[in-house]
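Undergrad:
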Amino acid sequence: MEKILIIGCRNTMDDVCIGCSRCLVAFNRREGQFERYKDQEAEVLGILNCGGCPGASIVQRLAQVKLWNVPLKEQPTVIHIGPCLSDHCTHADDVITKIQAKSGLPVIEGTHPYMPEKIWA
Numbered sequence: 001m002e003k004i005l006i007i008g009c010r011n012t013m014d015d016v017c018i019g020c021s022r023c024l025v026a027f028n029r030r031e032g033q034f035e036r037y038k039d040q041e042a043e044v045l046g047i048l049n050c051g052g053c054p055g056a057s058i059v060q061r062l063a064q065v066k067l068w069n070v071p072l073k074e075q076p077t078v079i080h081i082g083p084c085l086s087d088h089c090t091h092a093d094d095v096i097t098k099i100q101a102k103s104g105l106p107v108i109e110g111t112h113p114y115m116p117e118k119i120w121a
């Protein structure tokens with residue numbers, strides 16, 4: 001079974017995205033980048049923010065996820081990067097590179113497909 005950790009932008013998650021509901025809805029519906037889990041067991045293990053600009057604490061935050069989940073015998077098997085981070089953050093490349101280098105897990109850019117094509121159309 002895949003255990004998914006979603007990582008997003010702290011600023012967006014705190015101020016814009018209400019409870020990261022679009023990521024969770026997409027997972028539950030197996031839409032967007034979660035479509036790959038359509039015919040298999042998978043669950044969201046957690047949602048983590050990057051730690052804030054410029055993402056300097058993401059490695060420590062990943063270590064905390066591991067530490068906190070050891071007693072539960074739960075660890076992520078794959079990381080998804082939310083569009084709030086991958087598509088809109090000026091530090092995204094550095095943050096994603098750190099995640100890929102230190103996590104040892106597959107890292108997939110993307111979660112939900114619910115971005116409006118045009119705001120005013």
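The sequence shown begins at 1 in UniProt numbering and counts up one residue at a time. All C-beta atoms in this analysis are idealised placements derived from N, C-alpha and C, irrespective of residue type, glycine included.
Looking at C-beta atoms only, is the number of pairs between the stretch 10-21 and the stretch 33-51 that lie closer than 8 Å three or more?
TA: They touch, by the three-pair rule.
Undergrad: Could you spell out the range, first to last residue, of the beta strand (DSSP E) harbouring L48?
TA: Position 48 of the sequence shown, counted from the first residue, corresponds to residue 48. Segment A42 to N49, the beta strand (DSSP E) holding L48.
Undergrad: In whole angstroms, what is the alpha-carbon distance linking V65 and E31?
TA: Here the question's residue 65 lines up with position 65 in the sequence shown. Here the question's residue 31 lines up with position 31 in the sequence shown. The straight-line gap from Cα to Cα measures roughly 26 Å.
Undergrad: Excluding the five sequence neighbours on either side, which residues of its own chain have a C-beta within less than 6 Å of the C-beta of P54, listed in chain order?
TA: Looking up residue 54 in the sequence shown gives position 54. Result list for P54: H91, in chain order.
Undergrad: So, with DSSP's three-state summary, where would you put E74?
TA: Counted from its first residue, the sequence shown places residue 74 at position 74. Coil.
Undergrad: List the endpoints of the continuous beta strand (DSSP E) containing K3.
TA: In the sequence shown, the residue the question calls residue 3 occupies position 3. K3 -> beta strand (DSSP E) spans E2 to G8.
Undergrad: Measure from the alpha carbon of A101 to the alpha carbon of each residue in V59, F34 and K3, then state which is nearest.
TA: Translated into the one-based positions of the sequence shown, residue 101 becomes position 101. Per the Cα distances, V59.
Undergrad: Measuring only the C-alpha atoms, how far is H80 from E109?
TA: Counted from its first residue, the sequence shown places residue 80 at position 80. Counted from its first residue, the sequence shown places residue 109 at position 109. If you take the alpha carbons of H80 and E109, they lie about 6 Å apart.
Undergrad: Check I96 in the structure and name its three-state DSSP category.
TA: Looking up residue 96 in the sequence shown gives position 96. In this structure, I96 counts as helix in the three-state DSSP scheme.
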